[in-house]
Every structure is written in C-alpha cells, then in structure tokens.
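Trainee: One structure follows; several queries about it will come next.
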Amino acid sequence: MFKFISGTCCSIYVILFCVFPAHAGIVVGGTRFIFNGDQDSISFQVKNTSANVYLVQTKIFSGNDDEGNNNAHDKVHEVPFIATPMLFRLKPLRDNYVRILKVPGQLPQDRETLFWLTIAGIPASQDAKENNIVQIAVRNKMKLFYRPKNLPGNPKDAYKSLAWSRQGKTITVKNPTPYFVTLLTLTVNGQNIARPGMVAPYSSLSQSWCPEAGSCDIQWQAINDYGAATPILHSRF
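Here you go:
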C-alpha cells in the first residue's frame, strides 16, 4: 500500500477586499500536537497580537478530509475529539486557552492516527468597519496525532527506521513503525524535493526521483514531536 500525505501549515482566505494596513494576528502556541492515549485532554494557548478584536473558531477534522480543506464541516461528528471553546472573542493583546478533549469513538490502537486542527480568526465586524480594514480569516492548520498507549519503539527514533530502496528511477521509502514520519527536507543528488510530505505508519511511498542511470544520493531530515529538525541521514544507491 502506498500512502503519502503532504503537509501545509496555513492558508489565508480574503473575505472582503479593500485597502488595509499591515497588522498582526492570531498566534497559536504550537505547530503540531500529540494526544497520548493515556491523556484525557491537552491544551494550548491562542494569542491575539494585534490591535483588533478577533473572533476565533477552532475545529478538528479527520486526517482523511483532504487536509481539512474540503467539506470537512460535514464530517466533524466523525472525529472523536472536540476543541473547546469552539468559538470565542479575543481582545487585543490578550490570550485564551483551547482544550482538546477525547470523546467516545473507536481508533486504531496499533498505530497513530492523524487529525487536522484548524484555528481560524477574523477581525470583529465593527472593528473592521471602524478602522476601514479588510476582514481576513487567518486559518492556521496544524497536525494533531492520536498516539495510543504502549506502541512499540520510541517515536523520536522512528525516522531512523525508514527503509529506502531503488529500482531504476523509482525510490521507495517504507515506514515500518507505528508512528507518522514527517519529512522536513529531502534532496536527491543535491536537488531539493519540494514538500516531501509525510509517510504514514506501516506504509510506503514510491516516486521517480532518481536518474535512469548512475548513482542516486538521498539526504533527508524529519520533524520531531516538538517541531524541530532531526539530524540529517543519507542513503546512496
């Protein structure tokens, strides 16, 4: 089975067009979140660094919902997590905490499961009107991993277990672990591969990255639980 998931950090949607000044916005206290199987909840900070009042909406989508982009609002009930508060008002230079709770639902216990957490903020209508600014919804999208208890191995070492092989132009990378491995950088013969993506647990990815003939030198880095880069590893074929 080939399963490859590419990651996107955030996207911006313009709701109303007009000339507006540069301003700060919503800052989320984390870039990825791990929900361990022995936890009842996790929480994180959301801060308004601007001079405007924001309305903030939180949602959690299935990892299969096209990265949380399409029709995800129709599938919220399928996700065994809720973020609370789901909608709140955030005053200038203030912060609030969002809590993620697990609700009844069946999830695989032999591997991690991916969800998407989105934090969308839009300046309050009255503030936007009075200051003649555009209403821009800033949608931060982050990975949320459910990690069951007692999974084998150490998640921080999962990237070391990736098995790379070559057949002609095709490179296959296999992930034999129960953990998602997010590739931060990937170079093939010195050429950077844009958005190398993520290899799901017990899955593999094949791409025509190598030349027809000659050597194929691969270097890669992954992202750990804290959003930091792992040491560079390499393989040569």
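Residues -24 to -1, 1 to 213 in mature numbering (1 follows the signal peptide of the UniProt record, and there is no 0) are what the sequence shown spells out, letter by letter. The C-beta atom is built at its ideal place from N, Cα and C for all residues, glycine as well.
Taking 8 Å as the threshold (C-beta atoms), are threonine 153 and methionine 174 in contact?
Mentor: Locating residue 174 in the sequence shown gives position 198, where the first residue counts as 1. Locating residue 153 in the sequence shown gives position 177, where the first residue counts as 1. No; because the gap between Cβ atoms is not below 8 Å, this pair is not in contact.
Trainee: Considering only the beta carbon of each residue, do asparagine 24 and isoleucine 2 sit closer than 8 Å?
Mentor: To locate residue 24, count along the sequence shown from 1; it is residue 48. To locate residue 2, count along the sequence shown from 1; it is residue 26. It is a contact, given that the beta carbons lie within the stated cut-off.
Trainee: Given this structure, state the Cα-to-Cα distance separating asparagine 200 from alanine 100, to the nearest angstrom.
Mentor: Within the sequence shown, the letter at position 224 stands for residue 200. Within the sequence shown, the letter at position 124 stands for residue 100. Approximately 36 Å, taken between the alpha carbons.
Trainee: What residues in its chain sit with their C-beta under 7 Å from that of asparagine 72, if we drop five residues either side in the sequence?
Mentor: In the sequence shown, residue 72 corresponds to position 96, counting from 1. Counting only Cβ-Cβ distances below 7 Å, and skipping sequence neighbours, we find Val22, Phe64 and Leu66.
Trainee: Aspartate 50 to proline 131, Cα distance in whole Å?
Mentor: Taking the sequence shown and counting its residues from 1, one reaches residue 50 at position 74. Taking the sequence shown and counting its residues from 1, one reaches residue 131 at position 155. Residue placement at aspartate 50 is flagged as unreliable, the pLDDT there being 44, under the threshold of 50; the coordinate-derived value follows with that caveat. Each residue's alpha carbon lies about 32 Å from the other.
Trainee: When the Cα of serine 191 is compared with those of Phe156, Ser211 and Pro207, which residue comes out closest?
Mentor: Position 215 of the sequence shown holds residue 191. With distances taken between Cα atoms, serine 191 lies closest to Ser211.
Trainee: Within 10 angstroms of its Cβ, does asparagine 12 collect 16 or more other Cβ (buried), or is it exposed?
Mentor: Translated into the one-based positions of the sequence shown, residue 12 becomes position 36. Result: exposed.
Trainee: What is the DSSP secondary structure of alanine 198, reduced to helix, strand or coil?
Mentor: Mapped onto the sequence shown, residue 198 falls at position 222. Strand at alanine 198.
Trainee: Using a Cβ-Cβ cut-off of 6 Å (strictly less than) and excluding sequence neighbours within five positions of lysine 119, which residues of its own chain qualify?
Mentor: Numbered from 1 along the sequence shown, position 143 holds the residue referred to as residue 119. Arg8.
Trainee: Is the separation between the beta-carbon of tryptophan 196 and that of leucine 162 shorter than 8 Å?
Mentor: On the sequence shown, position 220 is the one that residue 196 refers to. On the sequence shown, position 186 is the one that residue 162 refers to. Cβ distance < 8 Å, so tryptophan 196 and leucine 162 count as in contact.
Trainee: Considering only the alpha carbon of each residue, which of Tyr30, Asn165 and Tyr178 lies closest to leucine 127?
Mentor: To locate residue 127, count along the sequence shown from 1; it is residue 151. The shortest Cα separation from leucine 127 among Tyr30, Asn165 and Tyr178 belongs to Tyr178.
Trainee: Given a cut-off of 8 Å on the beta-carbon distance, is the pair serine 184 and threonine 146 in contact?
Mentor: In the sequence shown, the residue the question calls residue 184 occupies position 208. In the sequence shown, the residue the question calls residue 146 occupies position 170. Yes, the Cβ-Cβ distance between serine 184 and threonine 146 is below 8 Å.
Trainee: Measure the alpha-carbon distance for glycine 129 versus proline 68 and round it to whole angstroms.
Mentor: On the sequence shown, position 153 is the one that residue 129 refers to. On the sequence shown, position 92 is the one that residue 68 refers to. Glycine 129 and proline 68: Cα-Cα distance of roughly 44 Å.
Trainee: What's the C-alpha gap between isoleucine 77 and valine 55?
Mentor: Here residue 77 refers to the residue found at position 101 of the sequence shown. Here residue 55 refers to the residue found at position 79 of the sequence shown. For the record, residue 77 in the displayed sequence is leucine; it is not isoleucine. Leucine 77 and valine 55: Cα-Cα distance of roughly 11 Å.
Trainee: For glycine 133, write down the residues that DSSP places opposite it in a beta bridge.
Mentor: Counting from one through the sequence shown, the residue named residue 133 turns up at place 157. Contrary to the premise, residue 133 reads as aspartate rather than glycine in this sequence. Beta-bridge pairing links aspartate 133 to no other residue.
Trainee: Count the other C-beta atoms from every protein chain shown that fall within 10 angstroms of the C-beta of glutamate 88, then say buried if there are 16 or more, exposed otherwise.
Mentor: To locate residue 88, count along the sequence shown from 1; it is residue 112. Looking at its Cβ environment, which holds 16 or more other Cβ atoms inside 10 Å, glutamate 88 is buried.
Trainee: When the Cα atoms are used, what is the spatial distance from phenylalanine 20 to asparagine 116?
Mentor: Working through the sequence shown from its first residue, we reach residue 20 at position 44. Working through the sequence shown from its first residue, we reach residue 116 at position 140. Rounded to the nearest angstrom, the two C-alpha atoms are 14 Å apart.
Trainee: Between the Cα of glutamine 167 and those of Gly144, Cys186, Ile95 and Phe156, spot the shortest distance and give me the residue it belongs to.
Mentor: Stepping through the sequence shown from its first residue, residue 167 is reached at position 191. The residue with the shortest Cα to Cα distance from glutamine 167 is Cys186.
Trainee: Just the Cα atoms here: how many angstroms apart are glutamine 82 and glutamate 188?
Mentor: By one-based count along the sequence shown, residue 82 stands at place 106. By one-based count along the sequence shown, residue 188 stands at place 212. Using only the alpha carbons, I get a separation of about 45 Å.
Trainee: Taking C-alpha atoms, which residue in Ser17, Met62, Ile10 and Asp14 lies nearest to lysine 35?
Mentor: The sequence position of residue 35 within the sequence shown is 59, counting from 1. Of the listed residues, the one whose Cα sits closest to lysine 35 is Met62.
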